[in-house]
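FYI, my numbering numbers position 6 of the sequence shown as 703, with every residue one higher than the one before it.
A virtual CB, placed ideally from N, CA and C, is assigned to each residue, including glycine.
All values reported here derive from a predicted model rather than from experimental measurement.
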Amino acid sequence: LRETLGPGYALVASHTLGAMHIAVFAREGVAAAVRRVRTASVATGLANAVGNKGAVGVSLRVGGTSFCFVSCHLTAHQNA
């Protein structure tokens, strides 16, 4: 990702659950203002323990604005 983004970006948070990954980058000038970084994951695979299904997330604040980024891989074809 760093190679794709090029110079001037900093990794502010990342989290992994099984094969699911999330990474949040910010411009270096903005990265210095990032606060309250939190990461979390929820496994919903076999017995709610295996990381083949579930979600990963990152929350943070920049100034007075909150951001939340979520990536998930859920079971297909489930009736709600």
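Check residue i in the structure and name its three-state DSSP category.
i: L771; result: coil
i: T713; result: strand
i: A740; result: strand
i: G760; result: coil
Using beta-carbon positions only, say whether residue i and residue j come within less than 8 Å of one another.
i: Y706; j: A723; result: yes
i: S738; j: A752; result: yes
Can you list, in chain order, the residues of its chain whose CB lies under 8 Å from that of residue i, leaving out five sequence neighbours each side?
i: G760; result: A730
i: F766; result: I719, V721, G754, V755, S756
i: H712; result: H718, I719, T736, A737, S738, V753, G754, V755
How close, in whole Å, do the beta carbons of residue i and residue j come, if the pair is a contact with beta carbons under 8 Å?
i: T779; j: K750; result: Residue 779 is absent from the structure shown; the chain starts at 698 and stops at 777.
To which residues of the same chain is residue i closer than 6 Å at the C-beta, ignoring the five residues directly before and after it?
i: C788; result: The question about residue 788 has no answer, for the chain in this structure spans 698 to 777.
i: P704; result: none
Short of 7 Å in beta carbon distance, which residues of its chain neighbour residue i, apart from the five on each side in sequence? Order them along the chain.
i: V727; result: V759
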